[in-house]
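Report on the structure given below.
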Amino acid sequence: MLSVALDGPAGAGKSTIAKTLAQKFGFLYVDTGALYRAIGKYMLDHGKHPGDPAQVVPLLSSLSVELCYREDGQRVLVNGEDVTGQIRTQAVSAAASQVSAIKEVRDFLFSLQRELAQKHNVMMDGRDIGTVVLPQATVKIFLTASAEDRARRRYLDLQQKGDDTPYEEVLRTVIQRDYDDSHRSVAPLCQASDALLVDTTGETLETSLQRLEALILEQLEKKGERLP
Ligand code: DC
1292 MLSVALDGPA GAGKSTIAKT LAQKFGFLYV DTGALYRAIG KYMLDHGKHP
1342 GDPAQVVPLL SSLSVELCYR EDGQRVLVNG EDVTGQIRTQ AVSAAASQVS
1392 AIKEVRDFLF SLQRELAQKH NVMMDGRDIG TVVLPQATVK IFLTASAEDR
1442 ARRRYLDLQQ KGDDTPYEEV LRTVIQRDYD DSHRSVAPLC QASDALLVDT
1492 TGETLETSLQ RLEALILEQL EKKGERLP
C-alpha cells in the first residue's frame, strides 16, 4: 500500500491539499485531526476537563471512535453518532489540542490510523503521521506557513461560517496551539528527519497544490512506485 504522510501546524493548508490530491490520486484521505476533535468534543459534552488525564482516561473505555467514508468524504462517529458537523468550533479545537497531549488518547487512536493505512492507499494528514503513526510512509511531507498567514486563512474561514472572532484572537490561538502541539511530551509536532519541508507562506492554494502534486509524484517515482 502507498501512503503519504502530511504533517504540519494548524492552518498550513494540509486538509485542503490532502483532500484534493487524495481525490486526484485515488487515495483515501484520512483527516486524523477529526479523531482528536471527536474525543475533545466528547469530553466537553460530558463535563470533563479535556486537559486532565484523570478525567479523560477513564472515559476512553466507554468510547468508540470510527471513521467512515461516503461520497461526500470522511465522517467521524462517536459511539455510533456522526459528529462531523460539530467538531470545527474554537472550543472543540482547544479541547482537541488538550486531549491530544494525553498519551492514552494517542495510544487509543493509534491502531485505527494504522489499520486504515494497511488496507488502503492513504493521504493522511496530522501532526505525528511521519514520525509515529506511519514511520514507513512512502512519502513524508512537513507543510508549514508563517503563523500570520495561517491565522489569516483561518480568520477568513471563520468569517465565511459567520463567526466573527477578531483576527488578533485567531492569531493568538494559532500561536498558542503551535506552542502546545510542539511542546507536549508525547508525539510533539515536529518534522520527521526524512520528511520534505514545504513552506506555503505567501502562496495561493492553487500554487501550493501544484507544487505538492509535482513533489509527491516525483517522490513516488524516485521510490519506484506508481499511482494505482
Ligand atoms: O488538524 P486539526 O486542527 O484538526 O487537529 C486538531 C488537534 O489535534 C490539534 O491541536 C493537534 C491534534 N492532532 C494531533 O495531535 N495529532 C494528529 N495526528 C492530528 C491532530
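Numbering-wise, the sequence shown is residues 1292 to 1519 according to our numbering. Glycine included, C-beta positions come from ideal geometry on N, C-alpha and C. Treat the numbers as computed from the prediction; the structure is a model and nothing was measured.
| Check | Outcome |
| --- | --- |
| Start-to-end residues for the beta strand (DSSP E) that takes in residue 1365 | 1364-1369 |
| Complete runs of the beta strand (DSSP E) confined to the segment 1404-1489 [at least 3 residues] | 1413-1417 and 1430-1435 |
| Given residue 1514 as reference, the closest of 1492, 1447, 1427 and 1480 once Cα atoms are compared | 1427 |
| The segment 1387-1399 in contact with the segment 1441-1459 per 3-pair CB rule at 8 Å | no |
| Nearest-angstrom Cβ-Cβ length linking residue 1309 and residue 1416, presumed shorter than 8 Å | 4 Å |
| Same chain, Cβ closer than 8 Å to residue 1304, five either side skipped, listed in chain order | 1434, 1436, 1444, 1491, 1496 and 1499 |
| Beta-carbon gap between residue 1441 and residue 1302 smaller than 8 Å | yes |
| For residue 1381 and residue 1465, the rounded distance between their alpha carbons | 11 Å |
| C-beta contact flag for residue 1424 and residue 1401 at 8 Å | yes |
| Residues near residue 1507 in its chain [Cβ-Cβ closer than 7 Å; skip 5 each side] | 1295, 1312 and 1430 |
| Rounded C-alpha distance that separates residue 1292 from residue 1318 | 10 Å |
| Contact under 8 Å by Cβ, residue 1369 with residue 1329 | yes |
| Three-way DSSP call (helix, strand, coil) for residue 1319 in this model | strand |
| Local conformation of residue 1504 per DSSP, three classes | helix |
| Whole-angstrom C-beta distance between residue 1421 and residue 1478, which should lie under 8 Å | That belief does not hold up - the Cβ atoms of residue 1478 and residue 1421 are roughly 11 Å apart, past 8 Å. |
| Residue 1469 Cβ short of 7 Å to the ligand DC heavy atom set | no |
| CB of residue 1344 within 8 Å of CB of residue 1335, strictly | no |
| Pair within 8 Å by beta-carbon distance, residue 1365 and residue 1320 | yes |
| With 16 other Cβ atoms within 10 Å as the buried cut-off, status of residue 1391 | buried |
| Cβ-based burial, residue 1331 [other Cβ within 10 Å; buried from 16] | buried |
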